[in-house]
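*Asks:*
Residue numbers (the working numbering): 1469 to 1581.
#1: Taking the alpha-carbon positions, what's the residue 1535 to residue 1546 distance?
#2: Quick check for students: name the residue ranges of the beta strand (DSSP E) that lie wholly in the segment 1479-1567, counting only runs of 3 or more.
#3: Under 8 Å between the Cβ atoms of residue 1532 and residue 1490?
#4: Would you tell me roughly how many angstroms separate the C-alpha atoms of residue 1567 and residue 1581, rounded to the nearest one?
#5: Output needed for residue 1482: all residues of its chain with C-beta closer than 6 Å, excluding positions within five of it in sequence on either side, in chain order.
#6: Return the first residue and the last residue of the alpha helix (DSSP H) that residue 1472 is part of.
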């Protein structure tokens, strides 16, 4: 799973939060506080598309972009990648479980049952 830079993450958060696919202008407007040029947004969207995280569909002269997978799917894939990189998965899982609050541990137990 490709890692995301800070601006890529902001664009993905915008796409994940959207109810429908967005144009580059829509993304730019959603990130207005960052004062990004349209070309910058298009460059980031192109990078995300090459990474396989975003797809686009033609609509008139513009494209509409949407995330290939949900935020939850993306995070789960990152977690699997981290586990795959560990020589001792059990130790990593034990440390992870020891670092989360009891209510989250209980939720994990419920999911496993």
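In this text, a Cβ means the ideal position worked out from N, Cα and C, and glycines have one as well.
*Replies:* With the given structure in hand:
#1: 16 Å
#2: 1522-1527, 1530-1535
#3: yes
#4: 21 Å
#5: 1495, 1498
#6: Counting along the chain, residue 1472 falls outside any alpha helix (DSSP H), and DSSP gives it neither H nor E.
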